[in-house]
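Down below is the structure, laid out as structure tokens.
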Amino acid sequence: MQDRDPYPSELMERFIVRMPPGMRDRIRAAAEAAGRSMNAEIVATLEATYPEPDPLSETAARDLLAYILSASTPEETEARKAEVNAKIAALGSTAMVKDVPHHGPMVFLPITPRTS
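For reference, each letter of the sequence shown is one residue, going 1 to 116 in the UniProt record's numbering.
Written out as structure tokens, the structure is:
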């Protein structure tokens with residue numbers, strides 16, 4: 001039985017990687033230049049290449065857009081756009097509903113990877 005709660009680092013997944021000669025030195029140099037540990041540098045690089053998927057699915061986006069477009073007045077449309085954008089932001093998504101000339105009344109823009 002453990003007398004203490006585990007440290008957060010003890011709860012994280014571990015993965016051993018074999019690196020080609022010289023890569024460790026390049027990672028160390030990049031980490032020092034960024035002011036972080038080698039582990040943090042590797043995780044940041046992996047996050048940039050393999051970001052978490054955006055939590056807003058295509059089906060949900062269509063449903064939200066239909067909800068906005070079903071408003072009966074311009075004022076209600078604007079209120080619904082604001083409501084939907086707040087819900088999207090609460091999900092942690094980078095998407096948003098915006099009027100875009102020459103692309104119909106509204107589109108979701110942009111769905112891009114989040115960066116820390």
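Just so it is clear, CB atoms sit at the ideal spot from N, CA and C, and this is done for glycine as well.
Model, not experiment: these values are computed from the prediction.
Requested in this report: Just list the alpha helix (DSSP H) runs in the stretch 32-62, keeping only unbroken ones of 4 residues or longer that don't cross its boundaries, in chain order.
Outcome: 38-49
Query - Same chain, Cβ closer than 6 Å to Leu-64, five either side skipped, listed in chain order - result: Val-84
Query raised in the report: How would you call Ile-68, buried or exposed, if buried means at least 16 neighbouring beta carbons within 10 angstroms?
Result: buried
Query raised in the report: Going by beta carbon distance, what residues of the same chain come within less than 7 Å of Ala-86, once the five residues before and after it are set aside?
Result: none
Report task. Could you have a look at Val-84 and say whether DSSP puts it in helix, strand or coil? Result -> helix
Requested in this report: Measure the alpha-carbon distance for Ala-44 versus Asp-5 and round it to whole angstroms.
Outcome: 27 Å
Query raised in the report: What are the partner residues of Val-17, as DSSP defines its beta bridges?
Result: Bridge partners of Val-17: none, in fact.
Requested in this report: Assign Met-23 to one of three DSSP states: helix, strand, or coil.
Outcome: helix
Requested in this report: Note down, in chain order, each residue of its chain lying with its Cβ closer than 7 Å to the Cβ of Glu-32, except the 5 sequence neighbours on either side.
Outcome: none
Query raised in the report: Given that a residue counts as buried once 16 or more other Cβ atoms are within 10 Å of its Cβ, and exposed if not, what is Ile-88?
Result: buried
Query raised in the report: Between Pro-74 and the rest of its own chain, which residues show a CB-CB distance below 6 Å, the 5 nearest in sequence each way excluded?
Result: none
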